[in-house]
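Shown next, in structure tokens, is the structure this report addresses.
Residue numbers (the UniProt record's numbering): 1 to 187.
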């Protein structure tokens, strides 16, 4: 009983160590054995004479083989379709399409360059206008200040002129009075 227990214990240990180890690529002998196994299966099916039917195989293998045959059939039909195509015509049509696309691209690039140049001109004109406006505004401000100074000087001159007129009138009145006094005295 103890020998069985130790044996089972070692068996589980060996299983754990195999599952814990990282997967590795199969060795060349394992590949050869697998290939021999597959070739034996193929030869067994051909010796029984049921190469088209897979009723004697397990369901997993038969579905894999049918899938493989379906893929091969699809590949062969694809090659038949490819052989029926005229590659020269396809090449020429692709070449003409490429030429059309290239010409459209060149037209678009020319148009883009034209639009860029127009945009540059417009921005340059706008900058010139804004610089002209700013210089005009600056000139107008200077003129306004000059006119305001002249106006204030003229207002002062007007005040002085009115004072002079009043002084002149007063002097005239005084002069007239003196003339009357002198004429009275000379008489």
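Glycine is no exception: its CB is placed at the ideal position from the N, C-alpha and C atoms.
All figures in this text were calculated on a predicted structure; none of them were measured in a lab.
Straight-line measurement puts the Cα of residue 123 at about 10 Å from the Cα of residue 129. Taking C-alpha positions only, residue 149 is separated from residue 139 by approximately 15 Å. Counting along the chain, residue 187 sits inside no alpha helix (DSSP H), nor does DSSP assign it H or E at all. Here DSSP, grouped into helix, strand and coil, assigns residue 86 to coil. Residue 104 and residue 110 have their alpha carbons spaced roughly 10 Å apart. Rounded to whole angstroms, the gap between the alpha carbons of residue 169 and residue 134 is 52 Å.
In its own chain, leaving out the 5 sequence neighbours on each side, no residue places its CB closer than 8 Å to the CB of residue 147.
In this structure, the straight-line span from the alpha carbon of residue 77 to that of residue 63 is close to 21 Å.
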